[in-house]
Amino acid sequence: MDLVNSILEQLINGLRTGSIYALIALGYTMVYGIAKMINFAHGDIIMVGAYALYVFVGLLGLHPVIAVLLTIVVCSVLGITIEKVAYKPLRNATPLAVLITAIGVSYLLQNLSLLIFKATPIPFGSIIRVPSVKVGSLNISGITIVTLVVTTVSMIALTLFINKSKAGRAMRAVSEDKGAAELMGVNVNQTISLTFAIGSALAAVAGILFISQYETLLPTMGALPGIKAFVAAVLGGIGSIPGAMLGGIILGIIESLSKAYISTQLADAIVFGILVIVLLVKPSGLLGKLKIEKV
Amino acid sequence: MKINKKTIINVIIAVGVYAVVQGLISGGMLSRQMTSLIIPICVYVMMAVSLCLVVGFLGELSLGHAGFMSVGAYSGALFLTHTELPQLPAVLIALLIGGSAAAVFGLIIGVPVLRLKGDYLAIVTLGFGEIIKSIINFMTPITGGAKGLSKIPLYTTYRNFTFVFILTVVVVLLVSNIVRSRHGRAITSIRDNYIAAEAAGIPVSRYKIMTFVIAAFFAGVAGVVYAGNIGILKPVNFDYNTSIEILVMVVLGGMGNIKGSIVAAVILTALPEVLRGAADYRMLLYSIVLIALMLFNNSPIKRAFMDRRNMRQAGRLQKEGE
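Here's what the structure looks like:
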């Protein structure tokens, strides 16, 4: 009974981290689908979100709800700005140039926050105050419940938005064929901006949930979850939105189980090992489509 | 290698640099700060040149170059601390061990990933750097973990400048000869258009892996020299930042330009020591340089400039033809 309990507990932990990864992975996958590039700076937007929340709540003392909304706005604006300044001029450049620029942006964000907030970790208590719930002999913390609810709602909203709304249809059209979409009267620039805005807003939500869980701010805190979320996006099939959700949750569960039962230090290595195995066995990911290159 | 004017000039430059630095060292004219820079410059030149092979000539982005360096550094250092051979053979064997260990890791990483394209490689190499770090931390009894591997014999400090310098020159020569060879042309053709290269019968995957392994080998060699200079190895010395620093050197040197990489490596290694006061802004500056260079390279201004230059060259050629 104890073993079952402990496994269940790890599964719930994994579900919590995994749903945060899924939120981040959604941003990667949407941007990849539309702009055909990996937005390396995506992980650092999580960090910006966490610091923004800290500034709004911890320093300015705003009401948490307003602070959360402001944080989401800040991150969306940041995402759009990054796209306009750094990625748009490179739309016809080689993938290598775009990738290096994205790394540059990621680095820039990290070092800016390092200069502003210094390298010492800032403790920052969670803004989520929900009592924990006992299910049988299992104790589920408030943060876990909030995380699961928030991510589920965001994912449903996003799926509805992409499948039902006009802007969502434009997004799908642009990701399928940019040129043809433009000819059909879709405003490609606007659609790309919207994608970056939504992706960054999701990253902001992820950042808020992440900081509520770990309660420490660091300029480099976004890098590792960012990379893991990318692994999740690849695992689920990059460019596929259900894939990103599935990949994130699977990855979170694997990570939490290996942390509990194998080794804490090797957990990261196992996560990246999974990436390598996926790329070897099924490069298109679990739900992705394999593209055949035409000359 | 054909002996022409260019070769002679290069030899003169190499000998000149060596003579000046050696003269300064033996004359005791350098401060301690300056002497402490000499070997790191050589190490970073080797790192930049080897990464240049992957990024500049193969056109793939590797973000785990520091990982290969750490594999080389640790394996070479472990050999050096346990061997009882005299200095020269010990160093030579350590270099070989370090390089080979890094090359093996390059193969392990390269085989699954290089069949895919760019973006994946970047992430996997990045992840690989993290894996290496966590494995080194995990194997504390052997590697010393986070506390570091210490008491490495100092065989490659500035007192052995001649040896390190020759090694650096050999690495640079090997890389530039690879680039100029038949294999080098195959590699650059993969960068320019891999579909066309494949259609022309070039085994793309094999060449990609080969390039990757060679670059890893040289990074491992550089790692051994680094270990023999600094005497203590810690996993934090080989993090993501180090890989980015080397990437900045390659990009700043003009991707696919070995001489540029060397100059950039020398400047970027020496600059932070000279500008100590601005240390906080160094990384910020690097990131801005990366973005600005990429934007400039693809901007209309640069294209217009290149067009004008090409036109001028074409005009000159036409005149010569008349």
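As you go down the protein sequences, you meet chains A and B in turn.
Once you know that position 295 of the first sequence is 296 in the numbering used here, the rest is easy, because the numbers rise by one and skip nothing.
Once you know that position 59 of the second sequence is 573 in the numbering used here, the rest is easy, because the numbers rise by one and skip nothing.
Glycine included, each C-beta is placed from N, C-alpha and C at the ideal position.
Straight-line gap, residue i to residue j (C-alpha atoms, nearest Å)
i	j	result
Ile607 (chain B)	Ala736 (chain B)	14 Å
Gly200 (chain A)	Ile25 (chain A)	8 Å
Ala171 (chain A)	Thr121 (chain A)	44 Å
Phe125 (chain A)	Tyr215 (chain A)	9 Å
Val134 (chain A)	Leu149 (chain A)	13 Å
Lys665 (chain B)	Pro554 (chain B)	19 Å
Asp3 (chain A)	Ile646 (chain B)	35 Å
Ile144 (chain A)	Ile21 (chain A)	12 Å
Arg173 (chain A)	Asn40 (chain A)	18 Å
Ser213 (chain A)	Val206 (chain A)	11 Å
Lys520 (chain B)	Pro786 (chain B)	32 Å
Val693 (chain B)	Met246 (chain A)	44 Å
Asn140 (chain A)	Val131 (chain A)	13 Å
Thr137 (chain A)	Lys179 (chain A)	Before going further, note that residue 137 (chain A) is Gly rather than Thr in the sequence given. Answer to the nearest angstrom: the Cα atoms are 53 Å apart.
Ile181 (chain A)	Val175 (chain A)	Reading the sequence as shown, one finds Ala at residue 181 (chain A) and not Ile. Each residue's Cα considered, the two are about 8 Å apart.
Ala828 (chain B)	Asp821 (chain B)	10 Å
Ser550 (chain B)	Phe679 (chain B)	15 Å
Thr18 (chain A)	Leu766 (chain B)	39 Å
Ala36 (chain A)	Ala87 (chain A)	13 Å
Phe273 (chain A)	Ala158 (chain A)	30 Å
Val99 (chain A)	Leu70 (chain A)	31 Å
Thr72 (chain A)	Phe57 (chain A)	8 Å
Pro655 (chain B)	Leu592 (chain B)	12 Å
Lys773 (chain B)	Leu195 (chain A)	43 Å
His697 (chain B)	Ala778 (chain B)	26 Å
Ile254 (chain A)	Ile263 (chain A)	13 Å
Pro284 (chain A)	Tyr588 (chain B)	32 Å
Own chain residues within Cβ distance below 6 Å of residue i, not counting five before or after
i	result
Gly44 (chain A)	Gly223, Ala224 and Gly227
Val686 (chain B)	Val563
Met808 (chain B)	none
Val74 (chain A)	none
Ile746 (chain B)	Gly662 and Ser664
Thr756 (chain B)	Ala580
Integer-rounded CB distance, given that residue j should sit under 8 Å from residue i
i	j	result
Ile716 (chain B)	Ile704 (chain B)	7 Å
Ala528 (chain B)	Val683 (chain B)	6 Å
Leu161 (chain A)	Tyr634 (chain B)	That belief does not hold up - the Cβ atoms of Leu161 (chain A) and Tyr634 (chain B) are roughly 31 Å apart, past 8 Å.
Leu267 (chain A)	Gln11 (chain A)	About 16 Å; that fails the 8 Å criterion.
Ser801 (chain B)	Leu79 (chain A)	So it is not a contact: roughly 15 Å between Cβ atoms.
Local conformation of residue i per DSSP, three classes
i	result
Ile701 (chain B)	helix
Val534 (chain B)	helix
Thr95 (chain A)	coil
Thr671 (chain B)	coil
Lys135 (chain A)	strand
Pro226 (chain A)	helix
Thr152 (chain A)	helix
Leu321 (chain A)	Absent from the model: residue 321 (chain A). The displayed extent of chain A is 2 to 296, so no value can be given.
Asn140 (chain A)	strand
Pro600 (chain B)	coil
Leu766 (chain B)	helix
Ile839 (chain B)	Nothing in the structure corresponds to residue 839 (chain B), since chain B is present only between 515 and 836.
Leu747 (chain B)	strand
Gly101 (chain A)	Note on residue identity: the sequence assigns Ile, not Gly, to residue 101 (chain A). DSSP places Ile101 (chain A) in helix when its eight states are reduced to three.
Pro284 (chain A)	coil
Ile123 (chain A)	strand
His43 (chain A)	helix
Close-in-space but distant-in-sequence residues of the same chain around residue i (CB under 7 Å, 5 per side omitted)
i	result
Ile781 (chain B)	none
Ile623 (chain B)	Val638, Thr639 and Phe642
Asn6 (chain A)	Ser138 and Leu139
Beta-carbon gap between residue i and residue j smaller than 9 Å
i	j	result
Ala733 (chain B)	Leu565 (chain B)	yes
Gly612 (chain B)	Val585 (chain B)	yes
Leu210 (chain A)	Tyr52 (chain A)	no
Thr657 (chain B)	Pro749 (chain B)	yes
Ala233 (chain A)	Ile251 (chain A)	yes
Thr112 (chain A)	Leu798 (chain B)	According to the sequence provided, residue 112 (chain A) is Asn. The question's Thr does not apply to it. Contact flag set, yes.
Thr741 (chain B)	Gly541 (chain B)	Here residue 741 (chain B) turns out to be Ala, not Thr, going by the sequence shown. Cβ atoms of Ala741 (chain B) and Gly541 (chain B): not closer than 9 Å.
Ile723 (chain B)	Val625 (chain B)	yes
Ser107 (chain A)	Pro220 (chain A)	no
Ala94 (chain A)	Asn812 (chain B)	yes
Phe231 (chain A)	Val32 (chain A)	no
Leu804 (chain B)	Leu831 (chain B)	no
Ile278 (chain A)	Leu577 (chain B)	no
Cβ-heavy atom distance, residue i to the ligand PLP, below 8 Å
i	result
Glu183 (chain A)	What this structure holds is no ligand at all, so the ligand PLP is not there to describe.
Cβ-based neighbour list, residue i, same chain, cut-off 8 Å, excluding 5 preceding and 5 following
i	result
Ser127 (chain A)	Ile144, Ile212, Ser213, Gln214 and Glu216
Asn771 (chain B)	Cys566 and Gly570
Val739 (chain B)	Ile553, Cys556, Val557, Met560, Leu609, Thr670, Val678 and Leu681
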